[in-house]
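Q: Input: one structure, supplied below.
2 protein chains.
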Amino acid sequence: MPTPTGVGTEELRRANLRAILQTVHTHGPTTRAVLTKQLGLNRSTIGALTGELQSLGLVTEQTAVVGGRGRPSHLVVPREDNVVVAVDVGVDRIAVALVGLGGEVLDRRTRGHQRGEHDVAHVVESVAQMIEETLSASQHRRCLGIGAAVPGAVRASDGLVRFAPNLGWYDEPFTELLATRLGRPVSTANDANLGVLAEHIRGAAVGYSEVAYLSASVGIGGGFLVGGRPLTGARGYAGEVGHMQVDSQGPECRCGAIGCWEMKVGENVLLQNAGRLTGGGPPAVAEVIASAEAGEARAAAAVDGVAEWCGIGIRAIVNLFNPEVVVLGGCLAQVWRAAETRVVESFESSSLMSPRADTVIRSARLGDDSPLIGAAELAFEPVLDRPQAVPQAV
Amino acid sequence: MPTPTGVGTEELRRANLRAILQTVHTHGPTTRAVLTKQLGLNRSTIGALTGELQSLGLVTEQTAVVGGRGRPSHLVVPREDNVVVAVDVGVDRIAVALVGLGGEVLDRRTRGHQRGEHDVAHVVESVAQMIEETLSASQHRRCLGIGAAVPGAVRASDGLVRFAPNLGWYDEPFTELLATRLGRPVSTANDANLGVLAEHIRGAAVGYSEVAYLSASVGIGGGFLVGGRPLTGARGYAGEVGHMQVDSQGPECRCGAIGCWEMKVGENVLLQNAGRLTGGGPPAVAEVIASAEAGEARAAAAVDGVAEWCGIGIRAIVNLFNPEVVVLGGCLAQVWRAAETRVVESFESSSLMSPRADTVIRSARLGDDSPLIGAAELAFEPVLDRPQAVPQAV
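Top to bottom, those sequences are chains A and B.
Count the first sequence with the working numbering and you get residues 12 to 405, in order.
Count the second sequence with the working numbering and you get residues 12 to 405, in order.
Below is the structure:
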């Protein structure tokens, strides 16, 4: 921390407020003693700052006995009656969660799309109803914001969904429509970009700054951290991993091109190759994997085939980004757990590098909730950034 | 610029020295008046700083008549008797250049590999001899450093070449061997990473912060700027674009995998498809393009095929990075100039985004010299970063 000066005192106080709130939000209840040490400030300054966060209604302080010597210390606890609403618009279903400051999921509901349709007006209405139900069940809580994840490219400036081929959305003003419907501001981002954020804050990528998050359901989303910062590209569309051509022989993709990676490793490819009906989502994928393990030849061949294509795509990503860790979500995580050896074998068919030594590959720790948790973090961002600007009305 | 304080004066002076030297190195001779304005400092401070750079032997000051009103101003001129040696180790040839502070190429020589071999000891000896010839022809100049570009993945920590499949190098201590042979320190980096740096400082990517540089000769190198910073990845190996699988039908690549992008768009692929002998480099590629334009069917088909695969690979890169600009070098630039329409058509076969509107695609402005100029910038970096530490001996 820089030494306080006449000019910088106010900025410094804000930076310290932010640092304390972010610490307890990310790591949970923290003693003043630990905060004092981490922030390099003296005890009275920490006391004044936590007092301010208390008066803003963002934390409580509890006297707790901490450590072996039984010395009591003030424990700074995030108040989870400060909530955000997180939304994850999937191809098969919509998930809405109420998440408290500190990251706890307090309520969570999912629903299939209305009449199975992706029409943006229907989706907005379904999401809005689910949010209203969630909020009316959570009285006496202060809602700090709404964050949404969508499986497509989102324009950073205004939340316009530029393209989400698996929803059939092109230039859909989803964010604006939802905000108007609810009469509240909404922040929207790409689901995989939010997934990598969540895994970095609370999941399998904690402590890493070069991260590739790859998650498949019907399509594949990619989210990246480069030097600890989210990869956005010029307009927020970076990370579209699903449409690398990997197979010149097809099949044709929803995007119009042929042989895209997501046509070789999505849920429905696996189900189809195993002779199952498509559309069953993660439980259907789990059934195929279980059948493969029980000896069903067609299921085993399907898992093996998808595992091989997983390895091919992951290799391209590792060669491009040289990440410390590759975090796999959705169907990729299921296939990885079932057929790690086959994925690695395919991955290593090139002598380019010694990737198993240099790169950690692992499943998402937040499971299929990474984008949902990331959407909550997106909604918390303004408050974490300016705690003093938190709305005082409930 | 922050206000000087007791603690920061020395740091501030260094930052300002650095800013002035970088400005004149990048933009050439600059008046004190412009420096005063750009840096937000007063005239006497600028005078003291340029005086210090003069006494370090890095700049001279000339009195020049500048602007319409004929008012004389001190022109701060980089002294190009401060030189670096830049090396570009290609698959077909080695290039060595003497580059002055300010970026002028003062001497440039190329040579085929000794007996056509890539044995690292032979390459080191060839490079060392070329450097010695260059330096002995440049007496009375102060050599500030040596930078080298290689077509492979280079470990950031010590310059070890981890893999350069087109040279057949795996874990070759090229940097250490060359430094020992010359008795001088050497800095080495991936050729495309240096290419993007050079194009950003002096070429087609000036003013952009999200840049993809793709250059093909025998293989394809990729160098990226993300948020204005070079993409390095965890250990400096990022940007290996040549080994994305784009064709499941092969052919087998030198890296051991099949259907890698560089097997579809390198110089030799184009030559082979056109029925020419491989190994002729850019002039041979130019001949095929000229023949195609003159109506030779086989040459035209070869150009068309490579253009199509160019578009497929560029699309993957644009979807992943959402760059502002894609700068093409080597064979990719030749094909782009000859068959832009075909490349764009292939690029746009996916409806994912409106890439022609969002992304500029253009040839490298430094031609095939981008990596060489980038190697010079690599060698200048320590001096630009700490002008006051410049060696005073010639």
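Glycine residues also receive a C-beta, built at the ideal position from the N, C-alpha and C atoms.
Keep in mind that this is a model prediction, so the values were computed, not measured.
1. Which one or two residues does DSSP pair with A:Ser-84 in a beta bridge?
2. Name the two residues that bound the continuous beta strand (DSSP E) containing B:Thr-243.
3. Indicate whether A:Val-7 and A:Leu-193 have their beta-carbon atoms separated by less than 8 angstroms.
4. Roughly how many whole angstroms lie between the Cα atoms of A:Ala-200 and B:Ile-57?
5. Is B:Leu-146 a contact residue of the ligand MG, with contact defined as CB to any heavy atom under 7 angstroms?
6. Have a look at the DSSP bridge pairing and note the partners of A:Ser-374.
7. Name the two residues that bound the continuous beta strand (DSSP E) containing A:Leu-180.
8. Among A:Val-207, A:Thr-47 and A:Ala-139, which has the Cα closest to the Cα of A:Leu-389?
9. Please compile the residues from chain B whose C-beta is within a distance smaller than 9 angstroms of the C-beta of A:Glu-210.
10. Among B:Ser-55, B:Val-87, B:Gln-73 and B:Ala-75, which residue has its Cα nearest to the Cα of B:Gln-33?
11. When you compare each of B:Val-110, B:Pro-89, B:Asn-93 and B:His-129 to B:Gly-101 by their alpha carbons, which one comes out closest?
12. Where DSSP assigns a beta bridge to A:Leu-236, which residues make up the other side?
13. Between which two residues does the alpha helix (DSSP H) containing A:Thr-56 stretch?
14. Which residues of chain B have a Cβ atom closer than 9 angstroms to the Cβ of A:Asn-333, listed in chain order?
15. Opposite B:Thr-199 in the DSSP bridges: which residues?
16. Expressed to the nearest angstrom, what Euclidean distance is found between the alpha-carbon atoms of A:Leu-225 and A:Gly-340?
17. Check B:Ala-164 in the structure and name its three-state DSSP category.
18. Out of A:Val-317, A:Glu-335, A:Pro-334 and A:Val-329, state which residue places its alpha-carbon closest to the alpha-carbon of A:Gln-345.
19. Which of the three DSSP states, helix, strand or coil, is assigned to A:Pro-89?
20. Contact criterion: CB-CB distance below 8 angstroms. Does A:Asn-330 meet it with respect to chain B?
21. Taking the beta strand (DSSP E) that A:Thr-289 belongs to, which residues open and close that run?
22. Would you kindly check if the distance between the Cβ of B:Leu-67 and the Cβ of B:Pro-398 is under 8 angstroms?
23. Are the CB atoms of B:Asp-103 and B:Val-161 within a distance shorter than 8 angstroms?
24. Is it the case that the Cβ atoms of A:Val-70 and A:Arg-54 are separated by a distance below 8 angstroms?
25. Taking 8 angstroms as the CB-CB cut-off, is A:Ser-259 touching chain B?
26. Using the rule of at least 16 other Cβ atoms within 10 Å of the residue's Cβ for burial, across every protein chain shown, is A:Gly-6 buried or exposed?
27. Keeping to the same chain, check which residues put their C-beta closer than 8 angstroms to that of A:Pro-366; ignore five residues upstream and five downstream.
28. Would you say B:His-129 faces chain A, with C-beta separation under 8 angstroms as the test?
29. Here's a check: name, in chain order, each residue in its chain whose Cβ is nearer than 6 angstroms to the Cβ of A:Phe-391, leaving out the five neighbours to either side.
30. Please decide whether A:Val-299 counts as near chain B, where near means a Cβ-Cβ distance under 8 angstroms.
31. For A:Glu-105 versus A:Thr-121, is the C-beta spacing smaller than 8 angstroms?
32. Assuming A:Gly-214 and A:Arg-376 make a contact with CB atoms under 8 angstroms, what is their CB distance in whole Å?
33. According to DSSP, simplified to helix, strand and coil, what is A:Glu-359?
34. If you draw a straight line from the C-alpha of B:Arg-195 to the C-alpha of B:His-36, how long is it?
35. Quick one, which of A:Leu-46, A:Thr-42, A:Gly-250 and A:Leu-50 has its alpha-carbon nearest A:Ser-84's?
36. Identify every residue that forms a DSSP beta bridge with A:Asp-99.
A: Answer, in terms of the structure:
1. By one-based count along the first sequence, residue 84 of chain A stands at place 73. In the DSSP output, where bridge partners are listed per residue, A:Ser-84 has A:Ala-75.
2. Start at 1 with the first residue of the second sequence, and residue 243 of chain B comes out as number 232. Premise fails: B:Thr-243 is in no beta strand (DSSP E) and is neither H nor E.
3. Residue 7 of chain A cannot be examined here, being either before or after the span of chain A that is shown, 12 to 405.
4. Residue numbering aside, residue 200 of chain A sits at position 189 when the first sequence is read from its first letter. Residue numbering aside, residue 57 of chain B sits at position 46 when the second sequence is read from its first letter. The straight-line gap from Cα to Cα measures roughly 46 angstroms.
5. Absence of the ligand MG from the depicted structure is noted, as is the absence of any ligand whatsoever, leaving it without description.
6. Indexing the first sequence from 1 puts residue 374 of chain A at position 363. By DSSP's assignment, A:Ser-374 forms a beta bridge with A:Leu-339.
7. Position 169 of the first sequence holds residue 180 of chain A. Looking at the sequence itself, residue 180 of chain A is Trp, so the reference to Leu does not match. For A:Trp-180, the uninterrupted beta strand (DSSP E) run begins and ends at 180-183, by DSSP.
8. Taking the first sequence and counting its residues from 1, one reaches residue 389 of chain A at position 378. The shortest Cα separation from A:Leu-389 among A:Val-207, A:Thr-47 and A:Ala-139 belongs to A:Val-207.
9. Locating residue 210 of chain A in the first sequence gives position 199, counting from the first residue. Near A:Glu-210 there are no residues of chain B at all, since even the closest Cβ is about 16 angstroms away, more than 9 angstroms.
10. As a working note, residue 33 of chain B is residue 22 in the second sequence. Considering only alpha carbons, the answer is B:Val-87.
11. Indexing the second sequence from 1 puts residue 101 of chain B at position 90. B:Gly-101 has its Cα closest to that of B:His-129, out of B:Val-110, B:Pro-89, B:Asn-93 and B:His-129.
12. Here residue 236 of chain A refers to the residue found at position 225 of the first sequence. BP columns for A:Leu-236 point to A:Val-222 and A:Pro-241.
13. The count along the first sequence starts at 1 and reaches residue 56 of chain A at position 45. First-last of the alpha helix (DSSP H) with A:Thr-56: 54-66.
14. Mapped onto the first sequence, residue 333 of chain A falls at position 322. In chain order: Ala-164, Leu-242, Thr-243, Gly-244, Ala-245, Arg-246, Gly-247, Tyr-248, Ala-249, Gly-250 and Glu-251.
15. Here residue 199 of chain B refers to the residue found at position 188 of the second sequence. According to DSSP, which records beta bridges pairwise, B:Thr-199 is partnered with B:Ala-159.
16. Position 214 of the first sequence, counted from the first residue, corresponds to residue 225 of chain A. Position 329 of the first sequence, counted from the first residue, corresponds to residue 340 of chain A. Here the C-alpha atom of A:Leu-225 lies approximately 6 angstroms from the C-alpha atom of A:Gly-340.
17. In the second sequence, the residue the question calls residue 164 of chain B occupies position 153. Three-state result, B:Ala-164: strand.
18. On the first sequence, residue 345 of chain A is found 334 positions in, with the first residue counted as 1. Among A:Val-317, A:Glu-335, A:Pro-334 and A:Val-329, the Cα nearest to that of A:Gln-345 belongs to A:Val-317.
19. Taking the first sequence and counting its residues from 1, the one referred to as residue 89 of chain A is at position 78. DSSP places A:Pro-89 in strand when its eight states are reduced to three.
20. The count along the first sequence starts at 1 and reaches residue 330 of chain A at position 319. Yes, its Cβ sits closer than 8 angstroms to a Cβ of chain B.
21. Working through the first sequence from its first residue, we reach residue 289 of chain A at position 278. A:Thr-289 -> no beta strand (DSSP E), and no H or E assigned at all.
22. The residue you call residue 398 of chain B lines up with position 387 of the second sequence. The residue you call residue 67 of chain B lines up with position 56 of the second sequence. Cβ atoms of B:Pro-398 and B:Leu-67: closer than 8 angstroms.
23. In the second sequence, the residue the question calls residue 161 of chain B occupies position 150. In the second sequence, the residue the question calls residue 103 of chain B occupies position 92. No, the Cβ-Cβ distance between B:Val-161 and B:Asp-103 is not below 8 angstroms.
24. Reading the first sequence from its first residue, position 59 is the one you call residue 70 of chain A. Reading the first sequence from its first residue, position 43 is the one you call residue 54 of chain A. Contact: no.
25. Numbered from its first residue, the first sequence carries residue 259 of chain A at position 248. With 8 angstroms as the cut-off, A:Ser-259 counts as an interface residue toward chain B.
26. Residue 6 of chain A lies beyond the residue range present for chain A, which begins at 12 and ends at 405; the question has no answer from this structure.
27. For the purposes of this step, residue 366 of chain A is taken as residue 355 along the first sequence, with counting starting at 1. Summary for A:Pro-366: the model assigns pLDDT 49, below 50, so the residue's position carries little reliability; its value from the coordinates is reported in the next sentence. Excluding sequence neighbours, A:Pro-366 sits near Arg-326, Val-329, Phe-358 and Glu-359.
28. By 1-based counting over the second sequence, the position of residue 129 of chain B is 118. Not closer than 8 angstroms to any Cβ of chain A, the Cβ of B:His-129 fails to qualify, so no.
29. Position 380 of the first sequence, counted from the start, is the residue given in the question as residue 391 of chain A. Counting only Cβ-Cβ distances below 6 angstroms, and skipping sequence neighbours, we find Val-95.
30. Indexing the first sequence from 1 puts residue 299 of chain A at position 288. No - not a single Cβ of chain B is within 8 angstroms of the one on A:Val-299.
31. Sequence index remark: in the first sequence, residue 105 of chain A carries index 94 (1-based). Sequence index remark: in the first sequence, residue 121 of chain A carries index 110 (1-based). First, the residue type needs correcting, since residue 105 of chain A is Ile and not Glu in the sequence shown. Yes. Within cutoff.
32. As a working mapping, residue 214 of chain A is identified with position 203 in the first sequence. As a working mapping, residue 376 of chain A is identified with position 365 in the first sequence. Rounded, the Cβ-Cβ distance is 4 angstroms, consistent with contact.
33. Looking up residue 359 of chain A in the first sequence gives position 348. Note: A:Glu-359 maps to coil in three-state DSSP.
34. Numbered from its first residue, the second sequence carries residue 195 of chain B at position 184. Numbered from its first residue, the second sequence carries residue 36 of chain B at position 25. C-alpha of B:Arg-195 to C-alpha of B:His-36: approximately 23 angstroms in a straight line.
35. Along the first sequence, read from residue 1 onward, the residue named residue 84 of chain A stands at position 73. Residue A:Thr-42 is the option with its Cα nearest to A:Ser-84.
36. As a position in the first sequence, residue 99 of chain A is number 88, starting the count at 1. DSSP output for A:Asp-99 lists A:Ala-106 and A:Ala-160 as bridge partner(s).
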